[in-house]
Amino acid sequence: GDSVTQMEGPVTLSEEAFLTINCTYTATGYPSLFWYVQYPGEGLQLLLKATKADDKGSNKGFEATYRKETTSFHLEKGSVQVSDSAVYFCALPSNTGKLIFGQGTTLQVKP
Amino acid sequence: EAQVTQNPRYLITVTGKKLTVTCSQNMNHEYMSWYRQDPGLGLRQIYYSMNVEVTDKGDVPEGYKVSRKEKRNFPLILESPSPNQTSLYFCASSTPGDRYNEQFFGPGTRLTVL
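As structure tokens, then:
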């Protein structure tokens, strides 16, 4: 069945460092792909999305490109801030509407 | 403001005492679902509803019930809670016809069953 695999965390970075969180997927067809973010004590928020191959989603300085050939959707940010500390989830929708999530990657950014 | 609300946000209860977690959305979404989040297991879907009076099991439905009598509400019912249902619960909603299928999440309910 469809699945999402994320790199394991936690990831600890210094402020202004470059961030990459890897995400690969297995799916039938070409579903939309999402990155959700969960800040401490809060629910999940959609960070960015891509609906077809080679689409680049971007928001708040984060970017991810839908790569059909490598079935990947890696999240990147050029310069992280302390306020980016959160848990990041890669996800894709199933045909029942359920979101299939990766395990989540905890990011901690230190000043 | 478009949102999904859940109540209560925090709940500590004892084994066997029936409880209900409410979920409401104001976006006129047809699709609603419940997830639980556990360390090392990520988010798993409990139940979902495609519309009023239409519900179906997700991946981990055992020990839970739901109902969908109105479009905006989708309560989660634990008839006889057990400690293994201690978890963080999220309600979500979306419009299935949306090509992005973006789901909007509530703030979460942290449940502890003693």
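Chains as they are written, first to last, in the working numbering: chain G, 1 to 111; chain Y, 1001 to 1114. C-beta atoms are modelled at their ideal positions from N, C-alpha and C, and glycine is treated no differently.
Residues sharing a beta bridge with residue i, DSSP
i	result
tyrosine 1035(Y)	Gln1045(Y) and Phe1090(Y)
valine 80(G)	DSSP lists no partner for valine 80(G).
proline 10(G)	Beta-bridge pairing links proline 10(G) to no other residue.
tyrosine 1010(Y)	Arg1110(Y)
aspartate 1056(Y)	Tyr1048(Y)
alanine 1002(Y)	In DSSP, alanine 1002(Y) forms no bridge with anything.
tyrosine 88(G)	Val37(G) and Thr105(G)
leucine 99(G)	Pro93(G)
asparagine 1073(Y)	Ser1024(Y)
leucine 1078(Y)	Leu1019(Y)
Interface partners of residue i on chain Y, CB under 7 Å
i	result
phenylalanine 101(G)	Gly1042 and Leu1043
lysine 68(G)	Those within 7 Å of lysine 68(G) in chain Y number zero; the least Cβ separation is about 17 Å.
8 Å Cβ cut-off: residues of chain Y touching residue i
i	result
glutamate 42(G)	Pro1107 and Gly1108
Run of the beta strand (DSSP E) containing residue i, from where it starts to where it stops
i	result
threonine 1022(Y)	1019-1025
tyrosine 36(G)	33-38
glutamate 63(G)	62-65
threonine 26(G)	23-26
lysine 52(G)	From DSSP, lysine 52(G) is part of no beta strand (DSSP E); its letter is neither H nor E.
Chain G contact residues for residue i, given Cβ-Cβ distances below 8 Å
i	result
tyrosine 1048(Y)	Thr96, Gly97 and Lys98
glycine 1063(Y)	Under the 8 Å cutoff, chain G gives no residues; its nearest Cβ is about 19 Å from glycine 1063(Y).
Contact set between residue i and chain G, taken where Cβ atoms lie within less than 9 Å
i	result
phenylalanine 1090(Y)	Gly43 and Leu44
Contact check, residue i vs residue j, beta carbons under 8 Å
i	j	result
leucine 33(G)	leucine 92(G)	yes
threonine 1055(Y)	arginine 1036(Y)	no
valine 109(G)	serine 85(G)	yes
phenylalanine 62(G)	lysine 49(G)	no
glycine 43(G)	threonine 105(G)	no
glycine 1108(Y)	phenylalanine 1090(Y)	yes
phenylalanine 89(G)	tyrosine 25(G)	no
serine 1082(Y)	valine 1113(Y)	yes
glutamate 1030(Y)	threonine 1086(Y)	no
serine 99(G)	tryptophan 35(G)	At residue 99(G) the sequence reads leucine, which differs from the serine that was named. Contact flag unset, no.
threonine 1005(Y)	serine 1033(Y)	no
phenylalanine 101(G)	glycine 1042(Y)	yes
Chain Y contact residues for residue i, given Cβ-Cβ distances below 9 Å
i	result
glycine 104(G)	Gln1037, Gly1042 and Leu1043
Distance cut-off 7 Å: residue i Cβ against heavy atoms of the ligand NAD
i	result
valine 11(G)	Inclusion of the ligand NAD in the displayed structure is not the case, the ligand content being empty and no account of it being possible.
Is it true that the segment 1003-1022 of chain Y meets the segment 1072-1087 of chain Y, where meeting means three or more beta-carbon pairs spaced less than 8 Å apart? Yes: at least three Cβ pairs fall under 8 Å.
Below 8 Å, can you find three or more Cβ-Cβ pairs linking the segment 1047-1054 of chain Y to the segment 1002-1014 of chain Y? no
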